[in-house]
Amino acid sequence: MRFSLPVPPSFSLPAVIRSHGWVQLAPYDSQDPYHAFAYVDRLANGRVVAYEVQPAAEGVQVTTETMLSEEERAELAHKLAWMLNLERDLEPFYTFARQEPKLAHVVEKGEGRILRSPTLFEDTVKTILTTNTSWGGTRRMVSALVDLYGEPVGEDPAPRAFPTAQALAAADAASLRDEAKLGYRAPYVSELARRVARGDLELEAYKTADLPTGELRKELLAIKGVGAYAAANLLMLLGRTDAIPIDSYALKVVSNEFHDGQPVTPADVTAAFERFGEWQGMAFWFWSYGEET
DNA sequence: GGTAGACCTGGACGC
DNA sequence: GCGTCCAGGTCTACC
679 MRFSLPVPPS FSLPAVIRSH GWVQLAPYDS QDPYHAFAYV DRLANGRVVA YEVQPAAEGV
739 QVTTETMLSE EERAELAHKL AWMLNLERDL EPFYTFARQE PKLAHVVEKG EGRILRSPTL
799 FEDTVKTILT TNTSWGGTRR MVSALVDLYG EPVGEDPAPR AFPTAQALAA ADAASLRDEA
859 KLGYRAPYVS ELARRVARGD LELEAYKTAD LPTGELRKEL LAIKGVGAYA AANLLMLLGR
919 TDAIPIDSYA LKVVSNEFHD GQPVTPADVT AAFERFGEWQ GMAFWFWSYG EET
């Protein structure tokens, strides 16, 4: 079955898909690189659905081989609105961007929305798995979690949904470490899953929390395995546009862009984008590094 | 508050 | 093929 979702005037599906590497992490898949994507989701009633999202004249088109009830379709639409950041009003950011040559392209290309997962739990696990490893390592670890603990769509072993907190909480810690190859990150993921499964940590509530960014950052830093970089990355995914996820890549590009390749500190990265105030995270993320204007 | 070392894996490199 | 080194963030112990 097919159904469409309306999108804001400035929306660009390729721009959202290209916003970062999440589309390369299971259960995302992109056969048509950066124009469309596939995803596998587990609905609230336990049904696992594989679907594709493509650009369409009236917005985006969702296609699935599964016949969905009206309630299921509404749930999927609600989740996709979050994943594609459809509710975001980018005009205030675009007003800034139009005045900065290194950001002018975001307006032209409809950039500014960042692809995310249906749940903050999935995004938090994936963020932990980006730390202290290569991108290839992250992809491997995420795929292993999906293959080992995710629920399949039907009888076939693949494709599978991202595992629930309950599934990961029930997993043997040694299996997480040795079979999923999470290494020392295994206890972090295990503890996070257990806290979420028990209801001790209401991660999803952070999506709509009215907390100042500093307070929310403290809450995220209290999660084992989430340090300064991971917290900033999650804040960015939560739409907190004043957070800059400073990792080794950030230090490198800021060094090259603003300091002639000389070594820089996290404070230098912050200083480089401070003038963008509440939009400094977006300015950092969408900056045209190394390109002449 | 700041710093050093451990954690784990894969890739690059030299032999 | 094997061994060594390094990159990549976070945690913990220590000062």
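When you read off a place in the first sequence, starting at 1, and then add 678, the result is the number in the numbering used here.
Beta carbons: idealized from backbone N, C-alpha and C, even for Gly.
Just so it is clear, the structure is predicted and the values come from calculations on it, not from any experiment.
One alpha carbon belongs to E748, the other to F681, and they sit about 11 Å apart. Secondary structure note for P923: it is in no alpha helix (DSSP H), with a DSSP letter that is neither H nor E.
For A716, the secondary structure class from DSSP, reduced to helix, strand or coil, is strand. In this structure A704 is in contact with V820, their Cβ atoms being roughly 5 Å apart against a cut-off of 8 Å.
Around the beta-carbon of R918, 16 or more other beta-carbon atoms lie within 10 Å, marking it buried. Here K896 is exposed. Its C-beta has fewer than 16 other C-beta atoms within 10 Å.
Contact check for Y884 against L899 fails: the beta carbons are separated by 9 Å or more.
Around the Cβ of W813, a 10 Å sphere holds fewer than 16 other Cβ atoms; the residue is exposed.
Beta-bridge partners assigned by DSSP to A908: none are found. At the C-beta level, E750 and V784 stay beyond 9 Å of one another. Runs of the alpha helix (DSSP H) spanning 4 or more residues and lying entirely within the stretch 859-889 occur at 864-876, in chain order. If you draw a 10 Å sphere on the C-beta of M914, you find 16 or more other C-beta atoms in it, and that means buried. Its Cα nearest to that of A836, the residue G828 stands out among A843, G828 and T842.
In the structure shown, L798 falls within a helical segment according to DSSP collapsed to helix, strand and coil.
Burial check for P841: the Cβ neighbour count within 10 Å reaches 16 or more, so the residue is buried.
Spatial neighbours of M679 in its own chain (CB-CB distance under 7 Å, excluding positions within 5 residues in sequence) are listed in chain order as T742, M745 and L746. Counting along the chain, S682 sits inside the beta strand (DSSP E) bounded by residues R680 to L683. By the neighbour-count criterion, in which a residue is buried when 16 or more other Cβ atoms sit within 10 angstroms of its Cβ, Q777 is exposed.
Short of 8 Å from the beta carbon of Y907, and not among the five residues preceding or following it, lie these beta carbons of its own chain, in chain order: T809, P923, I924 and D925. Between the stretch 850-864 and the stretch 796-809 there are three or more C-beta pairs closer than 8 Å, enough to call the two in contact.
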